[in-house]
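**Q**
Residue numbers (the numbering used here): 1 to 157.
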């Protein structure tokens, strides 16, 4: 069985490790305490506090397993062998939608650390797939659910 690899930056891996540590050392203890208190209320079959705590416990344990797997199979992005003006995972780039759109800036990261609201898009996203390997000045067609759009790469960091 081939294990999935999770490309990510050093910062992304550190963030996942911090979340894992928080879940294991703080959140688990809080949930165990909630379960103890809920058990003291008596009949567990009609105890919503107990059910809620058990549901949260299941969610947290699932998240811990996911994080452990992502960290175990993390592949740290190394851009040393990539041209400084070429878009790749871990780099930030800016483009302008053609013919007269607004300027947008994104950083391409692995899906484990993607956060579109912070401008961090997954390397699996349509935008990232279209621009990886492109350089400043290139005009790229990006397939989106609303139709294709043309963008011009203006900056790569």
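Built from N, CA and C at the ideal position, the CB exists for glycine as well.
(1) Which same chain residues, not among the five before or five after residue 111, have their C-beta less than 6 Å away from its C-beta?
(2) Run through DSSP, which three-state label would residue 59 get?
(3) Below 8 Å, how does it come out for the stretch 34-41 and the stretch 52-63: are there three or more Cβ pairs, yes or no?
(4) Just to confirm the assignment, what range does the alpha helix (DSSP H) spanning residue 131 have?
(5) Any heavy atom of the ligand ZN closer than 8 Å to the beta-carbon of residue 150?
(6) Tell me the rounded alpha-carbon separation between residue 95 and residue 45.
(7) The beta strand (DSSP E) spanning residue 153 covers which residue range?
(8) Identify whether residue 41 lies in helix, strand or coil by the three-state DSSP scheme.
(9) Judging by CA-CA distance, which residue of 63, 86 and 101 is the nearest neighbour of residue 155?
(10) Measuring straight from C-alpha to C-alpha, what distance separates residue 133 and residue 48?
(11) Contact between the stretch 98-106 and the stretch 55-62 is defined here as three or more beta-carbon pairs at a separation below 8 Å; is this criterion met?
(12) Around the C-beta of residue 137, are 16 or more other C-beta atoms found within 10 angstroms, so that it is buried, or is it exposed?
**A** Taking the geometry as given:
(1) What you label residue 111 is simply residue 111 of the chain shown in a count that begins at 1. Here residue 111 has 122 and 124 as same chain residues with Cβ atoms under 6 Å from its own Cβ, once five neighbours each way along the sequence are excluded.
(2) Counting from 1 along the chain shown, the entry for residue 59 is found at position 59. Of the three classes helix, strand and coil, the one that applies to residue 59 here is helix, per DSSP.
(3) Here the stretch 34-41 makes contact with the stretch 52-63; the two share three or more CB pairs at distances below 8 Å.
(4) Locating residue 131 in the chain shown gives position 131, counting from the first residue. Here the alpha helix (DSSP H) through residue 131 covers 126-131.
(5) With respect to small molecules bound, the structure shown includes none, and the ligand ZN cannot be examined in it.
(6) Position 95 of the chain shown, counted from the start, is the residue given in the question as residue 95. Position 45 of the chain shown, counted from the start, is the residue given in the question as residue 45. Residue 95 and residue 45 have their alpha carbons spaced roughly 57 Å apart.
(7) What you label residue 153 is simply residue 153 of the chain shown in a count that begins at 1. Its beta strand (DSSP E) spans residues 147-156.
(8) The residue given as residue 41 occupies position 41 in the chain shown. Under the three-state reduction of DSSP, residue 41 is assigned to coil, being neither helix nor strand.
(9) Position 155 of the chain shown, counted from the start, is the residue given in the question as residue 155. Shortest Cα-Cα distance from residue 155 to any of 63, 86 and 101 involves 86.
(10) Position 133 of the chain shown, counting from 1, holds the residue named residue 133. Position 48 of the chain shown, counting from 1, holds the residue named residue 48. The alpha-carbon atoms of residue 133 and residue 48 are separated by roughly 53 Å.
(11) The stretch 98-106, when compared against the stretch 55-62, does not touch it at the 8 Å Cβ threshold.
(12) Within the chain shown, residue 137 is the residue found at index 137, counting from 1. Looking at its Cβ environment, which holds fewer than 16 other Cβ atoms inside 10 Å, residue 137 is exposed.
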